[in-house]
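Everything on this sheet refers to the single structure shown next.
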Amino acid sequence: MSKRNTKRTSRLRKWCKRFLFVLLILTVYASWQIWDIHRYGHVDDGGQADCAIVLGAAAYYNKPSPVFKARIDHAIKLYKEGRVKKVILTGGFGKDAEFAESEVAYEYCLKNGIPDKDLYKETESKTTEQNIAQAKKLMDKFGMESALLVSDPWHLKRAHAIAEKYEMQNRPSATLTTMYKSDESRLKFLMREFYYIHVWRFADL
1 MSKRNTKRTS
11 RLRKWCKRFL
21 FVLLILTVYA
31 SWQIWDIHRY
41 GHVDDGGQAD
51 CAIVLGAAAY
61 YNKPSPVFKA
71 RIDHAIKLYK
81 EGRVKKVILT
91 GGFGKDAEFA
101 ESEVAYEYCL
111 KNGIPDKDLY
121 KETESKTTEQ
131 NIAQAKKLMD
141 KFGMESALLV
151 SDPWHLKRAH
161 AIAEKYEMQN
171 RPSATLTTMY
181 KSDESRLKFL
191 MREFYYIHVW
201 RFADL
């Protein structure tokens, strides 16, 4: 083998090693992040707060979707257990929707025993960050200082990070079960959260 070929082979090996090293680092990082998203969704210290914030999800006409219903049911449970005194419902109008997500949730809460005086809703938000920003405005307006964030387990790490940005005193309180049942839907939801939390972080730099 000529000296030129030997040098070329040596350089190729070095680049392959560098590539494999970077790939290993990225794999370890991604695995840790995905584990942390999963872990954070299962942290609930059982403590109390001034309010529960239900993060919006789809509604079908005047009915909450299974995902949204699970979140609302969990907030109702927190209220009836005395862990929160108020419930803030978030979510605006989806495409061609007649009712805002929060309005659907509001009617559902009334039917399930939460009085009007303990319910607050906003109808402007369309994203998780907007949910939290609008909820924080209601907290400030009505003198609420602390919140339990209510959503699906794998949604809460990103939601908590956003709430921290808005200087909201918050703790996670995930739904006890997820409506994402199949392995495919769970993987898709988890990877979506991994993607969105990084998009949000880099966009906020």
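The numbering of the sequence shown is the UniProt record's numbering, which starts it at 1 and goes up by one.
Glycine included, C-beta positions come from ideal geometry on N, C-alpha and C.
Values in this document were obtained by computation on a predicted structure and should not be read as measured data.
- Item | Assigned exposure category for Tyr61 - 16 Cβ within 10 Å defines buried | exposed
- Run the CB neighbour count on Thr158, radius 10 Å, all protein chains shown included, and call it buried at 16 or more, exposed below. The amino acid occupying residue 158 in the given sequence is Arg; Thr does not appear at that position. By the neighbour-count rule (16 or more Cβ atoms within 10 Å), Arg158 is buried.
- Between Asp45, Phe68 and Lys63, which lies nearest to Gly56 when the distance is taken from Cα to Cα? Phe68
- Kindly indicate which three-state DSSP category Val84 falls into: helix, strand or coil? strand
- Message: Which residues does DSSP list as the beta-bridge partners of Asn62?
- Response: For Asn62, DSSP assigns no beta-bridge partner whatsoever.
- Could you check the C-alpha separation between Val150 and Gly46 for me, to the nearest Å? Between Val150 and Gly46, the C-alpha separation is close to 13 Å.
- Since residue 224 sits in a beta bridge, which residues does DSSP pair it with? The displayed coordinates of the chain run from 1 to 205. Any statement about residue 224 would go beyond what the structure contains.
- Query: When you compare each of Gln169, Asn112, Ile25 and Leu20 to Lys80 by their alpha carbons, which one comes out closest?
  - Reply: Asn112
- Task: For Ser125, name the three-state secondary structure that DSSP assigns.
- Result: DSSP places Ser125 in coil when its eight states are reduced to three.
- Message: For Phe142 and Gln169, I'd like the C-alpha separation in whole angstroms.
- Response: 15 Å
- With DSSP run on the structure shown, which of helix, strand or coil describes Val54? strand
- State the start and end residues of the unbroken alpha helix (DSSP H) segment that holds Leu110. Glu101 to Lys111
- Task: Run the CB neighbour count on Val28, radius 10 Å, all protein chains shown included, and call it buried at 16 or more, exposed below.
- Result: exposed
- Item | Three-way DSSP call (helix, strand, coil) for Leu176 in this model | The three-state secondary structure of Leu176, taken from DSSP, is coil.
- Task: Figure out for me which residue from Gln134, Ala105 and Asp140 has the closest Cα to the Cα of Lys63.
- Result: Of Gln134, Ala105 and Asp140, the residue nearest in Cα terms is Ala105.
- Assigned secondary structure, Ala49 (DSSP; H/G/I helix, E/B strand, else coil): strand
- Give the single residue among Pro66, Phe93, Cys51 and Ser65 whose Cα lies nearest to the Cα of Ile76. Cys51
- Task: Kindly list the residues whose CB is nearer than 6 Å to the CB of Gln48, restricted to its own chain and excluding five residues on each side of it in sequence; keep chain order.
- Result: Arg83
- Query: Would the beta-carbon of Ser173 fall within 8 Å of that of Leu78?
  - Reply: yes
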